[in-house]
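Read the structure below first, then the notes.
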Amino acid sequence: MTQDTAGAAQPLTILAEDEVIFRDSVRQFANARVRPLVREMDEHASIPKALVTQLFDLGVMAIETPDIYGGAGGSFFHSVLAVEELSRVDPSIGVLVDVQNTLVINAFLRWGNDDVKRRFLPRLSADTVGAYALSEAGSGSDAFALTTRAKEDGDGFVIDGRKLWITNGNEADIFLVFATVNPEAGYRGITAFIVERGTAGFTVGKKEDKLGIRASSTCELILEDCRVPRANVLGEIGKGYKTAIETLNEGRIGIGAQMIGLAKGALDATIRYTKERKQFGKAIADFQAVQHQIARAAVDVEAATLTVYNAARLRDAGKPFLTEAAICKILSSEVAERVASLAVNLFGGNGFVKEYPVEKFYRDAKIGQIYEGTSNLQLQTIAKQIMG
Ligand SMILES: Cc1cc2nc3c(=O)[nH]c(=O)nc-3n(C[C@H](O)[C@H](O)[C@H](O)COP(=O)(O)OP(=O)(O)OC[C@H]3O[C@@H](n4cnc5c(N)ncnc54)[C@H](O)[C@@H]3O)c2cc1C
11 MTQDTAGAAQ
21 PLTILAEDEV
31 IFRDSVRQFA
41 NARVRPLVRE
51 MDEHASIPKA
61 LVTQLFDLGV
71 MAIETPDIYG
81 GAGGSFFHSV
91 LAVEELSRVD
101 PSIGVLVDVQ
111 NTLVINAFLR
121 WGNDDVKRRF
131 LPRLSADTVG
141 AYALSEAGSG
151 SDAFALTTRA
161 KEDGDGFVID
171 GRKLWITNGN
181 EADIFLVFAT
191 VNPEAGYRGI
201 TAFIVERGTA
211 GFTVGKKEDK
221 LGIRASSTCE
231 LILEDCRVPR
241 ANVLGEIGKG
251 YKTAIETLNE
261 GRIGIGAQMI
271 GLAKGALDAT
281 IRYTKERKQF
291 GKAIADFQAV
301 QHQIARAAVD
311 VEAATLTVYN
321 AARLRDAGKP
331 FLTEAAICKI
341 LSSEVAERVA
351 SLAVNLFGGN
361 GFVKEYPVEK
371 FYRDAKIGQI
381 YEGTSNLQLQ
391 TIAKQIMG
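So the sequence shown is numbered by the numbering used here: it starts at 11 and just counts up by one.
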């Protein structure tokens, strides 16, 4: 069917009216409320509580949650728009919102029974941040080699182990913890548990001191004799691997959104700066060599945006999107690094100092190639899908 006869087919970058209104409200918020705090948050490696509260008030902390649970009842594409717009100003805020929506709430919506949804979704909509704890010191790319152990005990489980690199560890009160109920069963033993801050035997450990996205907390979690009721199992026992695969496949599109937002933020700043900065008697933007570098960056950003939007639209349409999600993550994270690097170059010495925004974008870009599946792992997925 051609585009004409399909009727509904639209250019990917044309947004529906509600999407435009939503994007503009997040953009306005990011500029008014987040931008003034970016440098301080990076320096102090923390996000003020008041800003997190404002994110809840804005309606970006439970985007896809149905309104019966207090959420915005939006689409996955809305989440992508929110993460992109926030990351344009600060990718640390982008990832806080990304993890909340595309990993944590996504898992609750897909796998939670009525009781779990009723107990946790209203809190995650109102004021409670969530975290997603899969990785451990010995299991990153090989996530299902995790060793955190959950032993059945009466009407519950006792969990022992340590999780590493957990985003939102500082802010979260609800943690989705993946543990094995049967190490002999391999990945078929993996089960997702809901652990609340304050549960005896559960501690949030050291916070990592990072290269980039410094305001976003990345923490160790320690579980020692941590007892959780059976009612806090998310989904089926032994099916946690499915929960992880399904949510990470989608979460990866969110990271794509974070990276295109970052690239756009760096490009916006570069266009502004090159028009102001004068050398050899004119703005550096007047040199054709500079114009071509900026045009090349715009080509990159457009291509990456199309892959992110396509993967998100496929997901919302209920179509397969595994390959497209891996493609969008790898491309957008590479583009983010390239564009941020060019931004540093075109700011000259000012690109290397903290008074200007681009050195932070450069540092923040690197994470896109690491978390939610490294670039090598994305290539592995793409190769498997296209080569069989
Ligand atoms: C800031 C930050 C936030 C994070 N947030 C979270 C979070 O919220 N929740 C969570 O569970 N985890 C989180 N992580 C963990 C993250 O997902 C892992 O760091 C990532 O999956 C890589 O695992 P690893 O660090 O163990 O690296 P490794 O798996 O040891 O990889 C090291 C290198 O080896 C390569 N490699 C490994 N296996 C293969 C292979 N089979 N073929 C080719 N190359 C391979 C990798 O591509 C990489 O280049 C976070 C990490 C960071 C740094």
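All C-beta atoms in this analysis are idealised placements derived from N, C-alpha and C, irrespective of residue type, glycine included.
6 Å Cβ shell around residue i - same chain, five flanking residues per side excluded
i    : result
G261 : T112, L113, E382
T391 : A336
L44  : For clarity, residue 44 is Val in the given sequence; the question names Leu instead. Result list for V44: V99, D100, I103, in chain order.
R237 : G166, V168
Residue i Cβ short of 7 Å to ligand 1 heavy atom set
i    : result
G150 : yes
K220 : yes
T177 : yes
G81  : no
G264 : no
G383 : yes
S85  : no
I255 : no
N386 : yes
L144 : yes
Q390 : yes
T228 : yes
V109 : yes
I281 : no
I380 : yes
Outcome for residue i when other beta-carbon atoms lying within 10 angstroms are tallied against a minimum of 16
i    : result
Q110 : buried
L221 : exposed
R323 : buried
V368 : buried
K292 : exposed
V70  : buried
D14  : With a pLDDT of only 47 at D14, under the threshold of 50, the placement of this residue in the model should not be trusted, and no figure is reported.
D152 : exposed
D125 : exposed
M11  : Confidence in M11 is poor, its pLDDT being 40 and thus under 50, which makes the residue's placement too unreliable to answer from.
M269 : buried
Close Cβ partners of residue i (< 8 Å) along its chain, the five nearest in sequence each way excluded
i    : result
F32  : G84, H88, L91, A92
Y1   : This structure gives no information on residue 1, because the portion of the chain shown stretches from 11 to 398.
N123 : none
7 Å CB neighbourhood of residue i in its chain, flanking five on each side removed
i    : result
V349 : A273, A276, L277, A307, D310, V311
L258 : E382, G383
F362 : V354, E369
A26  : none
Handout entry: Three-pair Cβ contact test at 8 Å for the stretch 239-259 versus the stretch 272-283
Key = Counting C-beta pairs closer than 8 Å gives fewer than three between the stretch 239-259 and the stretch 272-283, which falls short of the contact rule.
Problem - Inter-stretch contact at 8 Å, needing at least 3 Cβ pairs: the stretch 135-149 / the stretch 177-195 - result: Contact between the stretch 135-149 and the stretch 177-195 is present, because at least three Cβ pairs lie under 8 Å.
Handout entry: 4 or more residues per run - each alpha helix (DSSP H) lying fully within the stretch 26-84
Key = As far as the stretch 26-84 is concerned, its whole alpha helix (DSSP H) runs of at least 4 residues are 27-39, 48-54, 59-68.
Practice task
Could you tell me whether the stretch 115-131 touches the stretch 69-81, using the rule of 3 or more Cβ pairs below 8 Å?
Solution key: With a cut-off of 8 Å, the stretch 69-81 and the stretch 115-131 count as touching, because enough Cβ pairs lie within range.
Practice task
Only counting runs of 3 or more residues, tell me where the beta strand (DSSP E) segments fall wholly within the stretch 123-185, in order along the chain.
Solution key: Given a length threshold of 3 residues, each whole run of the beta strand (DSSP E) inside the stretch 123-185 is given here in chain order: 139-143, 159-163, 166-177.
Handout entry: Within the stretch 189-239, ranges of the beta strand (DSSP E) (whole runs, at least 3 residues)
Key = Counting only runs of 3 or more, we get 200-206, 212-217, 228-239.
Practice task
Scan the stretch 309-380 and note each continuous beta strand (DSSP E) run of 3 residues or more that stays entirely inside, going in chain order.
Solution key: Correct list: empty.
Problem - Stretch pair the stretch 203-218 + the stretch 229-245: three plus CB contacts closer than 8 Å - result: These segments touch.
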